[in-house]
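This report refers to the structure that appears directly beneath it.
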Amino acid sequence: LQPAIVIHGGAWAIPDNFAEASKLGVQIAAKIGYKILHSGGSALDAVEAAVCSLEDDPVFDAGRGSTLNEIGEVEMDAVIMEGSELRAGSVAAVQNIRNPVKLARLVMERTDHCVLVGKGANMFAEEMGIEEVSVDSLVTDSARHDWEHYKKFKVTVNEFFCSRGDPHD
Amino acid sequence: TVGAVAVDCHGNVACATSTGGITAKRVGRVGDSPIIGSGAYCDNNYGAASATGHGENIMKVTLSRHVLYLIQQGLTPQAAADKSIEYMFERVKGTGGVIVVGNKGDIGYNFNTKRMAWASLKCNTLKYGLNPGDEFVSDF
């Protein structure tokens, strides 16, 4: 069987100044994952490595490119799943870690659970020895500018996205 | 939001999705990404899917599981991607995108937003795009 990988970097009204970097970022992630597959590696390792690459790229809304919530904090979500035994792991509203997808995989492989959220997810990350990082290292100037715009004009999330016609995570 | 789906040379499939949320979202609000069956789902019997878009609407139709259901009904991964996005819009006016790989390595993707960055790699052929209708091809 010929291995294959597909990547996405989010569906929304990607602005022109993000366009080229977005196209490049998904190509890099696809190549990283495909190299693993081509050398006989597993689909699970391939998708984890590809998503880590996207989380590390500040052009994408994940990991280093995350947004700020209404009180100026970062809350990230991730899931990973494999298709042989339908094992899955996910984390939600986790804070101050660089690669949530890695933590999701640890939930899948090191616990009897499928989902850990919030404080519990962060406690598990600490237990697993995952380094805590600062909010500043996860948020770009662009994301901070967007957040300040919301706070200044008190636009709700739905109002803003519905007016642009491109609601998205 | 970002995501990946893959099938390896042993026929095992996997999927992953990760997101940094929406600017100024309510504290504790969680979208589709970490919800198994919504943000991602896979099964070696059919394939793997990862979703992106308006989380609340994706959850209402359990988009990724819906893609695999359509493959189970006999659709190709591309047709399943097309139909699932169409279904989400028809039922809840949802917007977003999905990427799919079948358990035999067939690829599919679709989106009804203005843009979605995507890329695929199979048989050393890299394909990628951003706007509707884009499909740039290069050798890897």
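First to last, the sequence lines map onto chains A and B. The numbering used here puts the first residue of the first sequence at 56, with every later residue one more than the last. The numbering used here puts the first residue of the second sequence at 681, with every later residue one more than the last. In this text, a Cβ means the ideal position worked out from N, Cα and C, and glycines have one as well. Bear in mind that the values here come from a model prediction, so they are computed numbers and not experimental data.
Cutoff 7 Å: residue i Cβ touching any chain D Cβ
i: Q150(A); result: Note that chain D does not occur in the displayed structure, where the protein chains are A and B.
Neighbour list for residue i in chain A, Cβ cutoff strictly below 8 Å
i: L755(B); result: Correct list: empty, because the minimum Cβ distance to chain A is about 16 Å.
i: K705(B); result: T122, N124, E125, E130 and V212
i: S764(B); result: The contacting residues do not exist; S764(B) stays about 13 Å from chain A at best.
i: R633(B); result: Outside the shown range of chain B, which is 681 to 820, sits residue 633(B), and nothing can be said about it.
i: Y789(B); result: V61 and H63
Minimum Cβ-Cβ distance from residue i to chain A less than 7 Å
i: Y808(B); result: yes
i: R771(B); result: no
i: S713(B); result: yes
i: D819(B); result: no
i: K794(B); result: yes
i: T681(B); result: yes
i: T699(B); result: yes
i: G776(B); result: yes
Proximal residues of chain B, C-beta to C-beta of residue i below 9 Å
i: E56(A); result: Correcting the residue type first, residue 56(A) is Leu in the shown sequence and not Glu. Those are V687, D688, C689, H690, G691, N783, K784 and G785, listed as they occur along chain B.
i: D201(A); result: T703 and A704
Beta-carbon proximity list for residue i, same chain, < 7 Å, skipping 5 on both sides
i: S108(A); result: I83, A84 and I87
i: F73(A); result: V114
i: D100(A); result: I91
Chain-ordered neighbours of residue i on chain A, where CB pairs are closer than 9 Å
i: G719(B); result: D132, A133, V134, S145 and D224
i: I779(B); result: V61, I62 and H63
Under 7 Å by beta carbon: chain B residues contacting residue i
i: A85(A); result: A799, S800, L801 and L806
i: V170(A); result: P714
i: V102(A); result: A684, V685, A686, A694, C695 and A696
i: P113(A); result: What P113(A) touches in chain B: nothing, since even the nearest Cβ is about 10 Å away.
CB contact below 7 Å: residue i versus chain B
i: I62(A); result: yes
i: K78(A); result: yes
i: D196(A); result: no
i: A180(A); result: no
i: F208(A); result: no
i: P70(A); result: no
i: L158(A); result: no
i: G192(A); result: The sequence given here places Ser at residue 192(A); Gly does not occur at that position. So no, S192(A) is outside the interface.
i: V188(A); result: no
i: E110(A); result: yes
Cut-off 8 Å between Cβ atoms - residues of its own chain near residue i, not counting five sequence neighbours on either side
i: K157(A); result: E103, C107 and I185
i: T122(A); result: D116, V129, V194, A198, D201 and W202
i: R771(B); result: K740 and V741
i: Y789(B); result: Q758, A761, G777, V778, I779, V780, M796, W798 and S800
8 Å contact criterion, which residue i and residue j should meet: CB distance rounded
i: A720(B); j: I60(A); result: That belief does not hold up - the Cβ atoms of A720(B) and I60(A) are roughly 14 Å apart, past 8 Å.
i: G701(B); j: N124(A); result: 6 Å
Paired residues, beta bridge with residue i - DSSP
i: H63(A); result: G683(B) and W798(B)
i: Y205(A); result: DSSP lists no partner for Y205(A).
i: K807(B); result: S800(B) and V817(B)
i: E137(A); result: A694(B)
i: Y789(B); result: I779(B)
i: Y721(B); result: A729(B)
Residues near residue i by beta carbon distance below 6 Å, same chain, minus five either side
i: D89(A); result: In the sequence as presented, Asp is not what sits at residue 89(A); that position holds Tyr. Once the five neighbours on either side are set aside, the close Cβ partners of Y89(A) are I60.
i: P58(A); result: L92
i: S800(B); result: I787 and K807
i: A180(A); result: I152 and L158
i: A176(A); result: V146 and V149
i: S218(A); result: Reliability of the predicted coordinates at S218(A) is poor, the pLDDT of 46 falling under 50, and the value obtained from them is presented with this limitation in mind. Here the set comprises nothing.
Partner residues on chain B for residue i, Cβ-Cβ distance less than 8 Å
i: L161(A); result: In chain order: nothing, as chain B lies at least about 13 Å away.
i: S139(A); result: N692 and N724
Listed by chain order, chain A residues near residue i by CB distance under 7 Å
i: V710(B); result: D132, A147 and A148
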